[in-house]
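Protein chains in written order, with my numbering: chain A, 595 to 869; chain B, 401 to 711. Each residue gets a CB set at the ideal place from its N, CA and C atoms; glycine is no exception. Since the model is a prediction, treat every value here as computed from it, not as a measurement. Report on the structure given below.
See the structure below:
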């Protein structure tokens with residue numbers, strides 16, 4: 595990837611992070627930590643990887659994305675807004691009555707959302723269903739789904755993984771945002787999902803484990819996807835709260851909104867980083 | 401007499417549907433022989449997917465497939481469909497209003513010998529509380545067949561409940577089934593028996609017995625529990641003044657509750673419920689269990705007399 599393209603993507607990811615904070619601040623609720631950790635991969639997916647049509651969000655030929663970690667809705671909305679699915683001003687309506695931007699994504703309301711999610715472990719199965727549907731119909735549509743690392747504690751994730759491999763869904767890409775933190779502490783303290791890559795490999799996936807904040811690494815992993823009868827798992831090493839100093843690696847920002855002062859500081863940091 | 405289980409009709413209807421509609425996908429969770437989806441598997445192996453013993457995944461996968469433009473029938477026993485996978489049905493089928501038909505067989509206590517772990521007397525309650533879910537519990541082969549065809553025509557989630565036990569055919573090919581419409585099978589003005597599923601057979605037998613005793617009971621077959629045909633209920637309440645419901649389901653949350661809720665608001669009259677009381681079942685031959693748990697014409701007759709006394 596050229597340096598200028600990387601800078602373009604970094605600029606978008608920075609705006610996505612600002613959109614996350616704007617939404618959560620105005621809602622006075624939401625999940626900033628696990629949204630900020632996924633800004634690079636979401637930007638990469640929607641600006642480099644996926645085939646989408648913002649003018650026709652329901653286009654049959656689009657690639658599908660399922661936010662299995664539905665609580666990271668702010669990063670999905672901010673990315674969709676940057677991509678042009680709806681105006682960025684709408685991000686301030688997050689979680690408000692009448693908004694299309696529900697606390698967890700609703701496919702019935704928000705343009706660009708391919709599946710309603712929020713209950714952990716279910717999004718990956720829905721993504722498997724999409725990949726199976728695409729394969730059944732002979733379509734070249736790819737399906738991507740983003741999971742949290744804590745989400746791997748849900749047994750349904752492994753039901754879905756087993757089924758995806760058994761059905762040879764090489765049009766499915768399971769991405770894990772491995773920021774190592776969940777509500778009650780580190781994922782190891784709560785109920786360790788490690789080793790994540792080895793588990794997916796044992797389930798029959800091609801596995802890449804990369805720095806989830808590095809565009810070269812993202813490009814390498816996504817360009818490395820091959821149609822060999824195996825689904826792909828990309829494990830992203832990430833930092834929860836990435837980009838806002840006081841939120842980084844701090845579990846208290848899993849599901850809390852900044853106050854006015856904190857919001858000003860966070861936005862100043864992000865705008866400073868973009869300058 | 402011709403005898404079939406409603407699950408047999410489900411299997412046949414899927415095969416016939418598959419011939420007409422290439423968009424129909426059938427999924428099962430390792431129970432294709434018992435749920436009768438095996439016929440579809442044999443006829444259209446490329447349109448059948450077995451999720452294995454993983455009902456939660458089955459339902460969410462079905463939801464995902466439905467977003468790709470397919471009509472997906474997802475099958476398991478009622479216990480593992482409505483019970484185990486309740487939340488997957490609620491969140492990845494019901495909430496996004498996806499075009500998935502849940503074909504749940506082995507509903508109710510007539511599962512028999514397998515015992516309480518497999519006797520789902522709670523599924524109608526669980527499914528009808530989901531917004532937008534259509535819930536159908538057919539009474540015989542013909543109605544079950546027609547219900548599958550009607551469900552396939554409806555764009556949205558449907559829960560279809562089928563039984564294991566072979567029953568006499570009540571209806572012929574001329575029977576008109578319409579989702580959301582109750583059907584009056586017998587006229588009468590002293591009381592109305594509103595029944596669903598295999599209890600429709602018992603309701604008709606009870607009406608015969610009551611007639612012999614000089615009580616004219618109206619009998620309504622309420623295959624669709626949601627959306628409920630409130631009009632036919634209000635008319636029955638106004639004209640007969642007392643209602644007895646009959647279902648192979650807990651008296652809590654099923655048809656009895658639905659009818660009571662509707663009439664309490666629209667036309668309050670005494671409503672007595674025949675169903676499985678607040679208890680688990682046990683192993684035994686289906687017909688013995690039906691009697692033992694009060695799912696019988698005799699119990700309906702008894703409740704009818706009590707209901708009339710409350711008028």
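Three or more Cβ pairs closer than 8 Å define a contact, and the region 713-732 of chain A falls short of that threshold against the region 680-695 of chain A. With a cutoff of 8 Å on beta-carbon distance, residue 496 of chain B and residue 736 of chain A are scored as not near each other. Here DSSP, grouped into helix, strand and coil, assigns residue 682 of chain B to coil.
Shown here, residue 517 of chain B sits in a helix according to DSSP, grouped into three states.
When CB distances to chain A are screened at a threshold of 7 Å, the residues of the region 464-475 of chain B falling below it are 464, 465, 467, 468 and 470, in chain order.
In chain order, 616, 618, 639 and 640 place their CB closer than 8 Å to the CB of residue 589 of chain B, counting only its own chain and leaving out the 5 sequence neighbours on each side.
Shown here for residue 698 of chain A: same chain residues with a beta carbon closer than 7 Å to its own, the five before and five after excluded, namely 664, 665, 667, 711 and 712 in chain order. Taking the C-beta atoms as reference points, residue 766 of chain A is found no nearer than 8 Å to residue 707 of chain A. The three-state secondary structure of residue 807 of chain A, taken from DSSP, is coil.
In chain order, 744 and 784 place their CB closer than 6 Å to the CB of residue 776 of chain A, counting only its own chain and leaving out the 5 sequence neighbours on each side. In the DSSP assignment, residue 742 of chain A falls within the beta strand (DSSP E) that extends over 737-742. A contact between stretches requires three or more CB pairs, one per stretch, nearer than 8 Å, and the region 547-564 of chain B meets this requirement with the region 503-523 of chain B. Rounded to the nearest angstrom, the Cβ distance from residue 816 of chain A to residue 755 of chain A is 19 Å, too far for a contact under 8 Å. When rounded, the separation of the alpha-carbon atoms in residue 486 of chain B and residue 611 of chain A is 36 Å. Per DSSP, residue 601 of chain A is one residue of the alpha helix (DSSP H) stretching across 597-621. Distance from residue 769 of chain A to residue 741 of chain A at the Cβ level is roughly 7 Å; contact confirmed, criterion being Cβ atoms closer than 8 Å.
Taking the beta carbon of residue 720 of chain A as reference, the chain B residues within 8 Å of it are 460, 461, 463, 464, 467 and 492, listed in sequence order. Check the Cα spacing between residue 578 of chain B and each of B:594, B:626, B:464 and B:454: the tightest is with B:626. Setting aside the 5 residues that flank it on each side, residue 824 of chain A is surrounded in the same chain by 759, 762, 764, 798, 799 and 800, each with a C-beta closer than 8 Å to its C-beta; the list follows chain order. Here residue 523 of chain B is not bridged, per DSSP, to any residue. Counting of Cβ neighbours within 10 angstroms places residue 653 of chain A among the exposed residues, the total staying below 16.
Taking C-beta separations shorter than 8 Å and ignoring five residues to either side along the sequence, the partners of residue 644 of chain A in its chain run 656, 657, 659, 736 and 738, following chain order. In the three-state scheme derived from DSSP, where H, G and I count as helix and E and B as strand, residue 425 of chain B is classed as strand.
Distance from residue 582 of chain B to residue 537 of chain B at the Cβ level is roughly 12 Å; contact not present, criterion being Cβ atoms closer than 8 Å.
Counting only the Cα atoms, residue 494 of chain B lies some 7 Å from residue 531 of chain B. Taking a beta-carbon distance threshold of 8 Å, residue 723 of chain A counts as an interface residue toward chain B. For residue 497 of chain B, the neighbours in chain A by C-beta distance under 8 Å run, in chain order, 702. For residue 829 of chain A, no alpha helix (DSSP H) run applies; the uninterrupted beta strand (DSSP E) run containing it begins and ends at 826-831, by DSSP. Using a Cβ-Cβ distance cut-off of 8 Å, the region 564-576 of chain B and the region 517-531 of chain B are not in contact, since fewer than three pairs of beta carbons, one from each stretch, lie closer than that value. For residue 716 of chain A, the C-beta contacts it makes with chain B under 7 Å involve 460, 488, 491 and 492, in order along the chain. Taken in chain order, the complete alpha helix (DSSP H) segments of 4 residues or longer contained in the region 460-496 of chain B are 486-489. Residue pairing of residue 646 of chain A in beta bridges, as defined by DSSP: absent, with no partner found. Linking residue 866 of chain A to residue 839 of chain A through their CA atoms gives a straight-line distance of about 12 Å. Listed in chain order, the positions of the region 751-766 of chain A with a beta carbon within less than 7 Å of a beta carbon of chain B are 753, 754 and 757.
Annotation for residue 719 of chain A: the continuous alpha helix (DSSP H) segment containing it runs 716-730.
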